[in-house]
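In this note's numbering, the protein residues as written are 413 to 1166.
Next up, the structure:
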């Protein structure tokens, strides 16, 4: 039975998504017969274009779903001109492969190049090539300390791969469609365990790991999928007392064969439940889509006459060259280039496929040209038919962001982008990530050193907070962004959101607002530090919050000072910029962002008469000054007498400016003192508070322990896959928000302390 026998695909629930399964096999192939496997081995040993030891041929025969078709390819491989083998020529060698489907459960993962730069808990094995009488063999030897070392390495490779990427939904929908590059492997062990022969996937490890994830099920994470793979790959047949002894390779092969038999029986039972009105179950689909994978099994390596490598090194070097041509030499586009392509194609589809919106009919074609760079930033007034719009890069960004976030355009463009990417959902952050490389087009080269941080910030939400995405507003055009502060304070939504788009874009582009990085939290104002964590779009939302004068001025001055042609001097630390600590920052040619001083006539904060360079710290503080005061423990820093008089800059001696909210000097250590509660409380509340305190203390201990463990390895992620991290964050934010919601209960006590 096929999923599309009736012409319609099957839709299944996979986690919180729906996946359309295009087709599945109604029956699974049975195990191959010994006679066919022996014929393959014989044909391989006789093939002059192949070069494998006999044990390796047995590994190929065990793995092949139809060994007779492989034997046919080998028997016809007597002459290179008439051979059915696949050939790939690289510098110094020719590799030859057979094309065949193999059982998923016969493929081990090779060393994963994608995690080669990571610090992992389990060391890679030693790898060594093989040769026979000076002839390269298409096989490698991996040397491990023990069989347990091999198991741990396989588990680590599969789980780390799935943390990086996964094709699970695609494989569930239509199986593995692109062949894996596979070759025989011999596992040797330092502890004296007998060697084991099998097959490894050298390219396509992500597809291999994803297939195991499909089989493991929708509720499984990377570790669970890896555990299932290890449990299956290393299953051993238990020999009875009456049976002759079998080598470890054979015991493991029989164990895997029994696991396949169990899966096939399970699949048959599940399919028996299906009928004309009842599609196959999800479990049946999981088994069918992951049971087999297409492969190119390398069976021959021929060194060219001018090859300079030793014979035992030829095969591995040639295979690495082929893999490099796929993953290194033909470099895939980076994420920013992909986003530009996807957004451009999606815009074109909206342009030609809309159902008739005025924006599409009258103006979107010009917007499309402006977005993809066919028109310059100076054309922005013409594109939007408004000569009062300044023709510069920042106003281009403001207008494009406004257009591409209008509800009708936003939904259609996001839908088209999902189609192109093959994704089933796209968050607002994902959409912001698409827009980042479009926004930065005018300054992409002149602010190149900050481009990666800026694109990270866009992927963290950019300027797309909820109010920006709502309809019913338009940018307030001006040549001086500081003139928007007054109407913003008076309640103008247009002024506030214009400041958010312009100032937020400027701060992101100039590396003064980067993505949420927890390790940068500090009580002390310093380059690269922030007083509290927050996603980029949340920080900008706070800056543009109604009544936030400090935020308005921060956005306005950042936008007004912004230049397309260069980075400001404070886009990094002084050490990064090569500036001495006492270097004068004044000068007509100085391009820098400065801290806001609300009491100063020019709204610039000064220390000892010199303007203070803006740091990301100041931006985050300005987004929520009250939260910053709370996080910094302003009541403790103020002193026992509640603080002194304010100086000219609004600094009352506490270390926190009362007019800016940012820390000027060093803060004292925070204490855990809490306001005394005079009202009696019930025993259940006391007990609940005690349990909460203990739980939070324990949670802090566990987090500290995880952070310490994370200093030794970079994989797996300390807080699990993205869905686990999201759950942890939501729980933590719920607790934090609940606690903060009771801040008003202590306002009186805190005011007295101040």
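Where is the CB? At the ideal position from N, CA and C, for every residue including glycine.
In the three-state scheme derived from DSSP, where H, G and I count as helix and E and B as strand, residue 650 is classed as coil. For residue 611, there is no enclosing alpha helix (DSSP H); the enclosing beta strand (DSSP E) has its first and last residue at 608 to 615.
Scanning its chain for C-beta atoms nearer than 8 Å, with the 5 sequence neighbours on each side dropped, one finds around residue 949 the residues 840, 841, 844, 872, 873, 874, 875, 876 and 877, in chain order. Apart from sequence neighbours up to five positions away, the residues of its chain that approach residue 710 with a beta-carbon distance below 6 Å are 507, 509, 550 and 595, ordered along the chain.
Setting aside the 5 residues that flank it on each side, residue 886 is surrounded in the same chain by 814 and 906, each with a C-beta closer than 8 Å to its C-beta; the list follows chain order.
The C-alpha of residue 527 is placed about 8 Å away from the C-alpha of residue 573. Contact between the stretch 605 to 614 and the stretch 518 to 527 is present: three or more C-beta pairs spanning the two stretches fall below 8 Å.
At least 8 Å separates the beta-carbon of residue 893 from that of residue 866. Excluding its 5 nearest sequence neighbours in each direction, residue 836 has C-beta neighbours in its own chain below 8 Å: 429, 430, 431, 581 and 830, listed in chain order. Excluding its 5 nearest sequence neighbours in each direction, residue 802 has C-beta neighbours in its own chain below 7 Å: 891, listed in chain order. Beta-carbon to beta-carbon, residue 631 and residue 648 are separated by about 28 Å, too far to satisfy the 8 Å threshold.
One Cα belongs to residue 747, the other to residue 493, and the distance between them is close to 43 Å. Cβ-Cβ distances below 7 Å link residue 559 to 601 and 605 in the same chain, with the five nearest sequence neighbours on each side left out; the list follows chain order.
By the C-beta density criterion, residue 790 is exposed, having fewer than 16 other C-beta atoms within 10 angstroms. Under the three-state reduction of DSSP, residue 784 is assigned to helix. Residue pairing of residue 500 in beta bridges, as defined by DSSP: 507. If you look at residue 1003, you'll find it isn't in any beta strand (DSSP E); DSSP assigns it neither H nor E.
From the listed residues 1155, 691, 846 and 726, the smallest Cα separation to residue 827 is found for 846. Taking a contact as a CB-CB distance under 8 Å, the pair residue 452 and residue 477 does not count as one, their CB atoms being some 12 Å apart. One Cα belongs to residue 941, the other to residue 502, and the distance between them is close to 50 Å. With fewer than 16 other CB atoms across the displayed protein chains lying within 10 angstroms of its CB, residue 442 is exposed. Assigned with DSSP and collapsed to three states, residue 1030 falls in helix. In the three-state reduction of the DSSP assignment, residue 486 falls in the helix class. Under the criterion of beta carbons closer than 8 Å, residue 623 and residue 583 qualify as touching, at roughly 6 Å.
In the assembly as shown, residue 425 is an exposed residue. Its beta-carbon has fewer than 16 other beta-carbons within 10 Å.
The residue among 652, 934, 535 and 697 with its C-alpha nearest the C-alpha of residue 433 is 697.
For residue 430, the enclosing beta strand (DSSP E) stretches over residues 429 to 433.
In the DSSP assignment, residue 716 falls outside any alpha helix (DSSP H), carrying neither H nor E.
Counting other Cβ atoms within 10 Å of its Cβ, residue 652 stays below 16 and is therefore classed as exposed.
Rounded to the nearest whole angstrom, the CA to CA distance from residue 1016 to residue 944 is 24 Å. Pairing residue 956 with residue 911 gives a Cβ-Cβ distance under 8 Å.
Looking at the backbone, the Cα of residue 963 and that of residue 880 are separated by about 16 Å. The stretch 580 to 611 is shown to contain whole alpha helix (DSSP H) runs of 4 or more residues at 580 to 586, in chain order.
In the DSSP annotation of this structure, the continuous segment of the alpha helix (DSSP H) that includes residue 810 starts and ends at 805 to 816.
For residue 457, the enclosing alpha helix (DSSP H) starts and ends at 446 to 458.
Residue 1134 counts as exposed, since fewer than 16 other beta carbons sit within 10 angstroms of its beta carbon.
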